[in-house]
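Numbering (this note's numbering), first residue to last: 3 to 420.
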Amino acid sequence: MSLTYADLHIHSRFSRATSRSITVPNLEKYARMKGLSLLGSADFTHPEWLAELKRELSPEGDTGIYKTKTGFDFLLSTEISLMYSQGGKSRKVHHVVLAPSFEVVDQINEELDKWGRRDYDGRPIFGKSSIEFLDMLLSISKGIEVIPAHAWTPYFGVFGSKSGFDSLEECFKEKTRHIHAIETGLSSDPAMNWRLSELDGIALVSFSDAHSYWPWRLGRECTVFDLKDVTYANVISAIRKKNIHSTIEYFPEQGKYHWDGHRNCGVSFPPEETRKHKGICPVCNRPLTLGVEYRVEQLANQPEGAAPKNAAPFKKLVPLSELLAGVLKKGVATNTVWKEYNKLLGLGSEFDVLLNVPSIKLAEATDRRIVNAIMKNREGKIKIRPGYDGVYGVPVFGTEPPTHKAQQQDSQKKLGDY
Ligand SMILES: [Zn+2]
Ligand SMILES: [Zn+2]
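Shown next, in the form of C-alpha cells:
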C-alpha cells in the first residue's frame, strides 16, 4: 500500500506575506524532505505564477496530475477570498479551489476577469457570494471542487465568529450538496469538528496554508489518501466519498486562534474564562477576539468525545524543526536547528523521522533529549501553551518557562490567516 501525503492549500510568492524565494523547484525540494508526495499548485489565478506553472509542470496524460521536470506530482489549486453581504451581515470567506486541468483553470480565470482583477495578489478578493462563486465554477466543470478554507478562523472562515456563518446551509443554501469537505485549519482538529452532526457527511481535510516552503510550514498539516493511482479524479472521488485515510494535524493549540484574547493586552483565555468575563477584555474593556475552541462550543450539538461512525483518524504532530527549536532552545531558523534537522533527515523524510523510525535508530543519529521529544510527539504528549488573537501557540519543553520571542516575531509578520 502506498499512501499519498497531500498538501493542497499552499501559496506562491505572489501572495501577500510570502517568502520571495518560493519557486516550483524549491517547493518540490522541501516537499520531498517533508515526506509529501502531492502538492497543490497554489495561486492559479495569478497570471505570472500561472505562466510559471505552465512552464515548470507537464501534464501526466489526462490524469489531472502535473509533474515537475524531476517527476514530483502537483495538482492545480488556489485560494480565493469572497467579501459580500448576506442575511444583513457582512461576510468574508476563503475557499480552496481544486481544478482538473490548465484548460479549466483558463476558463475559471476568464470568468473571474468579468468580476475583477486577479493580478495584485495570489489570493484575490471578489465581491461575490459563495453561492454565486460555486455556481460559476460548476457551470465550467463538474470536476471542480470547492473547499471552505480554515473553516473556523474568526475572520475568513465559513464558521468564523467575526464574518462567517452558523452552518454550511446558511452559507450555501440549496447548493450545500456541492460541498463535500471543509478544511479544519490549524486551530481546530477533526475531533472538535466531530461535535457538529451537520458535518457527519463532510470530509475533514487538512492542509498547511503555507506561505513559505520551510519544513515547519509546508505540510505542517496534510491529508493522507490511499489511492489506487494518483489521479485528480481519484483524489476528488476520495474527498467526495469521504474516503480519507487520515490527516496529519498541527496541535490545534498551536494555531493562532485556538483560545480567545487580545494580543495587545496580553490577555489569553480558554472559553470558560471568556464566559466568566462575558466576552470582555479585563484590560481594555473591549470585546475579546473569540477563538476557534469557543466558536466550536457555540455551534456544537454533540458532546466532547463524540465521533461519527466513518471518521478518519488523525495524528497531531509538532513539526520537527519546531520540536528541535524547543528542545535546543534556539530559534526555528537557526543553524543549530538546521544542522540537527539535516542529520535526522539522513534517516528518511521528516514524516518518517517523526512517525516511523525506531527510537534505537534515532538514538544513533541524535542525542537522548531529542529522541525523547520525538517519541513524546509520536504519542501526542507535547504540552502546548495555546495560541490566541493571532499569536501562535508554543510547545513547552522541560521545566523552563518557554520563550516565545521567535513565535511572536513570526506572528508579527502576519503570515496568513489560518
Ligand atoms: Zn485563507
Ligand atoms: Zn484588550
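Ideal Cβ positions, reconstructed from N, Cα and C, are used throughout, including at glycine. Computed from a prediction, not measured in an experiment: that's the story for all the values here.
Check                                                                                                                    : Outcome
Neighbourhood of isoleucine 282 by C-beta, 8 Å cutoff - its chain only, sequence neighbours within 5 removed             : Arg288, Pro289, Leu290
Any non-hydrogen atom of ligand 2 closer than 7 Å to arginine 288 Cβ                                                     : yes
CA-to-CA distance, phenylalanine 16 to serine 23, given in whole angstroms                                               : 10 Å
Leucine 55, enclosing alpha helix (DSSP H) - first and last residue                                                      : 49 to 58
Cβ-heavy atom distance, alanine 151 to ligand 1, below 7 Å                                                               : yes
Below-8 Å beta-carbon distance, glutamate 176 vs any chain C residue                                                     : Reference to chain C is not applicable here, since this structure consists of a single protein chain.
Inter-residue spacing [alpha-carbon to alpha-carbon] between isoleucine 181 and isoleucine 204                           : 8 Å
Phenylalanine 377 versus phenylalanine 399: straight-line alpha-carbon distance, rounded                                 : It is worth fixing the name first, because residue 377 is methionine in this sequence and not phenylalanine. Taking the straight line from one Cα to the other gives about 13 Å.
Outcome for leucine 5 when other beta-carbon atoms lying within 10 angstroms are tallied against a minimum of 16         : exposed
Under the three-state DSSP convention, the category glutamate 324 falls into                                             : helix
One or two residues paired with valine 99 in a DSSP bridge                                                               : Thr80, Val148
Where lysine 175 falls, given that 16 or more other Cβ within 10 Å makes a residue buried                                : exposed
For glutamate 421, the three-state DSSP class (helix, strand or coil)                                                    : The first residue shown for the chain is 3 and the last is 420, placing residue 421 beyond what the model contains.
Reference alanine 302, options Ser83, Trp196, Ala8, closest by Cα                                                        : Trp196
Segment contact, 8 Å Cβ cut-off, at least three pairs: the region 290 to 299 with the region 257 to 265                  : yes
Supposed contact pair isoleucine 241 and valine 226 - C-beta distance, whole angstroms, cut 8 Å                          : About 12 Å separates the two Cβ atoms, so there is no contact after all.
Close-in-space but distant-in-sequence residues of the same chain around histidine 48 (CB under 6 Å, 5 per side omitted) : Phe16, Gly124
At least 3 beta-carbon pairs within less than 8 Å: the region 126 to 137 vs the region 77 to 94                          : yes
Glutamate 171, enclosing beta strand (DSSP E) - first and last residue                                                   : Note, glutamate 171: premise wrong, no beta strand (DSSP E); alpha helix (DSSP H) at 170 to 174.
Beta carbon of alanine 44 nearer than 8 Å to that of isoleucine 67                                                       : no
Closest by C-alpha distance to serine 208, when choosing among Ala151, Phe158, Ser131                                    : Ala151
Cβ neighbour criterion (16 or more within 10 Å) applied to histidine 279                                                 : exposed
Lysine 331 burial status per 10 Å Cβ neighbour count (16 or more: buried)                                                : exposed
Three-state secondary structure assigned by DSSP to glutamine 88                                                         : strand
Residue span of the beta strand (DSSP E) that contains aspartate 9, given as start and end                               : 6 to 9
Threonine 225 (DSSP reduced to helix, strand or coil)                                                                    : strand
Contact under 8 Å by Cβ, tyrosine 32 with leucine 220                                                                    : yes
Contact test: histidine 264 Cβ vs ligand 2 heavy atom, cutoff 7 Å                                                        : yes
Pairwise C-alpha distance: serine 248 and phenylalanine 316                                                              : 5 Å
Whether glutamine 256 touches tyrosine 394 by CB criterion (8 Å)                                                         : yes
Isoleucine 158 vs valine 95 beta-carbon contact at 8 Å                                                                   : Before going on, a small fix: residue 158 reads as phenylalanine here, not isoleucine. Yes.
Reference isoleucine 384; option with closest CA among Arg297, Ala375, Asp121, Pro192                                    : Ala375
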